[in-house]
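Each residue of the sequence shown is one higher than the one before, starting from 1 at the first, in our numbering.
A virtual CB, placed ideally from N, CA and C, is assigned to each residue, including glycine.
Computed from a predicted model, the values in this text were never measured in an experiment.
The block underneath contains the structure these notes are about, expressed in structure tokens.
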Amino acid sequence: MSTPSTDKPRLSRAHLLDLLRQMLRIRRFEERCVELYTQEKIRGFLHVYIGEEAVGTGVMHGLAPDDAVVSTYREHGHALLNRIPMERVMAEMYGKQAGCSMGRGGSMHLFDASARFFGGNAIVGGGLPLAVGLALADRLAGRNRVTVCFFGDGAAAEGSFHESLNLAALWQLPVLFVCENNLYAMGTALRYAHAQTELHRKAEALGVPAESVDGMDIARVEAASARLLAALRSGEGPRFLECLTYRFRAHSMFDPELYRDKAEVEEWKARDPILRLSQWMEQSGILHAGEREALEAEIAAEVEGAVAFAEAAEWEPEASRFAHVLREASEAPMAPPAAEPEPVTLSFREAFRLGLIEALEHDERVFMMGEDIGHYGGCYAVSHGLLERFGPERIRDTPLAENGFTGAGIGAALGGARPIVEIMTVNFSLLAMDQIVNTAATLLHMSGGEFAVPLVIRMATGAGRQVAAQHSHSLENWYAHVPGLKVLAPGTLEDARYMLWAALQDPNPVLIFEHVLLYNREGELAPCPEGVDIARAAIRRPGRDLSLITYGGSLPKTLEAAEALAAEGIEAEVVDLRVLRPLDTATLLDSVGRTHRAVIVDEGWKTGSLAGEIAAILAEQAFWALDAPIERVCSDEIPIPYARHLENAALPQVADILAAARRAMGAEP
1 MSTPSTDKPR LSRAHLLDLL RQMLRIRRFE ERCVELYTQE KIRGFLHVYI GEEAVGTGVM
61 HGLAPDDAVV STYREHGHAL LNRIPMERVM AEMYGKQAGC SMGRGGSMHL FDASARFFGG
121 NAIVGGGLPL AVGLALADRL AGRNRVTVCF FGDGAAAEGS FHESLNLAAL WQLPVLFVCE
181 NNLYAMGTAL RYAHAQTELH RKAEALGVPA ESVDGMDIAR VEAASARLLA ALRSGEGPRF
241 LECLTYRFRA HSMFDPELYR DKAEVEEWKA RDPILRLSQW MEQSGILHAG EREALEAEIA
301 AEVEGAVAFA EAAEWEPEAS RFAHVLREAS EAPMAPPAAE PEPVTLSFRE AFRLGLIEAL
361 EHDERVFMMG EDIGHYGGCY AVSHGLLERF GPERIRDTPL AENGFTGAGI GAALGGARPI
421 VEIMTVNFSL LAMDQIVNTA ATLLHMSGGE FAVPLVIRMA TGAGRQVAAQ HSHSLENWYA
481 HVPGLKVLAP GTLEDARYML WAALQDPNPV LIFEHVLLYN REGELAPCPE GVDIARAAIR
541 RPGRDLSLIT YGGSLPKTLE AAEALAAEGI EAEVVDLRVL RPLDTATLLD SVGRTHRAVI
601 VDEGWKTGSL AGEIAAILAE QAFWALDAPI ERVCSDEIPI PYARHLENAA LPQVADILAA
661 ARRAMGAEP
């Protein structure tokens, strides 16, 4: 039930002076940033916090140094509140290397690992799942600390808002959700965008106790947040605080602000939180003569010092822009647990499960979460029996909320856990693409190396099971397009078992695509005492006449085609890419340099395909070694049909590979 906050705490003079000082620091910093923007010293989007200072100041005064803060794109005030030194924030606004994100984040992306400030986020609502994951990591590690997540009223319309609050309530996580409700998401008023304009009611509907408070009154904000933080620290689950506030400036410096009535703006300015606090302090005899002026002079000097620091700071050299795309492992991968001394016969499903068991047994930081992985045992039965073996804390069933639980996995990785996120099928990953592409792939680079994301995401991919167009995608190339990700596609039993082990030791986000037609396939699993190398392609069959290049579910078909070609006197070399990003270009060039012909087999569509990228690499770097045009065998350019004969016709088959190989050898027109 909502409990509007009306009580004001008894505050000491020193505390009140500190509150006033902090709000003034934010206000003067933001005003100077506006000036610098007009001088083109600061560029891009600039969202200032002027008018909303009481919210961040009132909430963050109750935080401990090791509590986490996740913010939105209007985060300068949050960053300044005992989290990041002003000169580093200003240097970041300039884009200088001395900035808190090396100048790579700018106004909307301030980060500081040592302060546990997990950044602003340009994606509306994008930080909400991260806060859930950070709190989950604390819960799993037995740490008693909280995560505060700031966001605006616009985020309350996003799916990530509902998914994140539901997860936090479901798992009773210590997250304080702070909605800075300034009545306008950008230019659309709250009343035009929300059927329920009392946003704390939405939190209540999701099972999160909520309060609404006057966000222009710092005493009320601080009193309410203190109560809610105490509940969090007592293990009572998440809390929601809606702060009714107002931005005195436009949404951003690009905004012509044609949507607000000037009288409305002036009415809110009369409730200026700094003015209200200072006038009350003066009337109460708490603020003495000359103290406000002394504070202003001290802050002005700090702001100008920050400007001078930013002006004098160096730009990052262009040559170093490639740093912090992927983090190098600090040590060599650990060998996996001792395997069976002799080959054993098992299915790919069993091999994937063995990999999961070994990972969970080896490292208590490892946990799984995803749809139906626990009580149901996994859509493809890979996780069958793991719930009983490892318990619900480490085998976590999630709602059907891909964006929310994937983002929570990212947050948990940032918090020191080693999550394995299972997305049921690749088509469902499109709902999580925001978090995968905008957050997991970018955080390390955008934060200037502050935040790596050691996360593994598993998902089933591919066609061939008569489940029609929406469940038959092969979209690995979409993710292989994105810098900052590692993309794996196991096609052998050894890779199915041991890739996960290597991926969990990697400090980067790793996506593993498991082809649905491989799960039931059986074979002999050979002992791999050193595990597998997830940085290199593998030659699965040596040959001299042409290179057949493929990965994942197409590998068995390609090997079958190679055997048929051998009967015709054509010795084909089969190259299993298995690592789709970063591609092992050296192995590709070496193979084609010896065989002088290439056929690429890719279940994706030809237009915009991974096969097209590989063909371009070979044309650019191995053109003079080629004795024939490069051939590509891909799926038909149609949504995959349901009927068996049409599905088979649409997908690459052994006959298609043979025909392409013969063309490359000049045996067929």
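{"query": "Would you tell me roughly how many angstroms separate the C-alpha atoms of His596 and Gly415, rounded to the nearest one?", "result": "49 Å"}
{"query": "Kindly identify the DSSP beta-bridge partner or partners of Pro419.", "result": "Phe367"}
{"query": "Between Ala622 and Gly604, how many whole angstroms is the CB-CB distance? I'm expecting something under 8 Å.", "result": "With 8 Å as the limit, Ala622 and Gly604 do not qualify as a contact, their Cβ atoms being about 22 Å apart."}
{"query": "Give me the residue from Gly154, Ser160 and Leu130 with the minimum Cα distance to Thr147.", "result": "Leu130"}
{"query": "Are Val579 and Leu548 closer than 7 Å when you measure CB to CB?", "result": "no"}
{"query": "Within its chain, find whatever has a CB closer than 7 Å to the CB of Ile84; leave out the 5 residues flanking it on each side and keep chain order.", "result": "Cys100, Leu110, Asp112, Ala115 and Phe117"}
{"query": "Cβ atoms of Val633 and Ile657: under 7 Å apart, would you say?", "result": "yes"}
{"query": "What first and last residue would you give for the beta strand (DSSP E) that runs through His515?", "result": "Val510 to His515"}
{"query": "Go ahead and pull the three-state DSSP assignment for Arg389.", "result": "helix"}
{"query": "For a test of the three-state rule: what should DSSP assign to Trp605, helix, strand or coil?", "result": "strand"}
{"query": "Using the Cα positions of Arg544 and Arg465, report the straight-line distance between them to the nearest angstrom.", "result": "35 Å"}
{"query": "Here's the rule: buried if 16 or more other CB atoms are within 10 angstroms of the residue's CB, otherwise exposed. What is Pro483?", "result": "exposed"}
{"query": "Would Tyr670 and Met23 be called neighbours here (beta carbons separated by less than 7 Å)?", "result": "Only positions 1 to 669 of the chain appear in the structure, and residue 670 is not among them; the question remains open."}
{"query": "Among the candidates Leu165, Asn520, Gln505 and Phe367, whose CA atom is the shortest distance from the CA of Ser330?", "result": "Gln505"}
{"query": "Out of Ser12, Arg581 and Val132, which has the shortest C-alpha to C-alpha gap to Ala68?", "result": "Val132"}
{"query": "Who are the near neighbours of Leu206 in its chain, counting only those whose CB is closer than 8 Å to its CB and skipping five residues on each side?", "result": "His162, Leu165, Asn166 and Ala169"}
{"query": "Does the beta carbon of Ala131 fall short of 6 Å from some heavy atom of the ligand FAD?", "result": "Ligands are entirely absent from the displayed structure, and the ligand FAD is therefore not among its contents."}
{"query": "What's the call for Leu400, buried or exposed, on a 16-neighbour Cβ count within 10 Å?", "result": "exposed"}
{"query": "DSSP on Arg396, reduced to helix/strand/coil?", "result": "strand"}
{"query": "Classify Ser234: buried if its beta carbon has 16 or more other beta carbons within 10 angstroms, exposed otherwise.", "result": "exposed"}
{"query": "Under the three-state reduction of DSSP, which class applies to Met459: helix, strand or coil?", "result": "strand"}
{"query": "Reducing DSSP to helix, strand and coil, say where Ala598 ends up.", "result": "strand"}
{"query": "Helix, strand or coil for Ala210? Go by DSSP, reduced to three states.", "result": "strand"}
{"query": "Kindly list the residues whose CB is nearer than 6 Å to the CB of Arg458, restricted to its own chain and excluding five residues on each side of it in sequence; keep chain order.", "result": "Glu422 and Ile512"}
{"query": "With the cut-off set at 7 Å, would you say Glu211 and Leu241 are in Cβ contact?", "result": "yes"}
{"query": "Assign Thr3 to one of three DSSP states: helix, strand, or coil.", "result": "At Thr3 the pLDDT is 44, less than 50, meaning the model places this residue with poor confidence and gives no usable figure here."}
{"query": "Between the region 351–370 and the region 495–502, can you find at least three pairs of beta-carbon atoms closer than 8 Å?", "result": "yes"}
{"query": "Once you ignore the five residues that flank Glu158 on each side, which residues in its own chain have a CB closer than 7 Å to its CB?", "result": "Val124 and Gly125"}
{"query": "With a threshold of 16 other CB atoms inside 10 Å of the CB of Asn648, please say whether the residue is buried or exposed.", "result": "exposed"}
{"query": "CA-CA distance, Phe322 and Leu455?", "result": "21 Å"}
{"query": "Can you look up Ser347 in the DSSP assignment and give me helix, strand or coil?", "result": "strand"}
{"query": "To the nearest angstrom, how far is the alpha carbon of Glu450 from that of Gly119?", "result": "10 Å"}
{"query": "Which residues in the same chain as Leu287 place their Cβ atom closer than 7 Å to its Cβ, once the five residues preceding and following it in sequence are excluded?", "result": "Ser278 and Met281"}
{"query": "At the level of alpha carbons, what is the spacing between Val575 and Thr585?", "result": "11 Å"}
{"query": "Rank Phe150, Glu311 and Arg327 by C-alpha distance to the C-alpha of Arg239 and give the top, closest one.", "result": "Phe150"}
{"query": "Under a three-way DSSP split, which group does Tyr519 fall into?", "result": "coil"}
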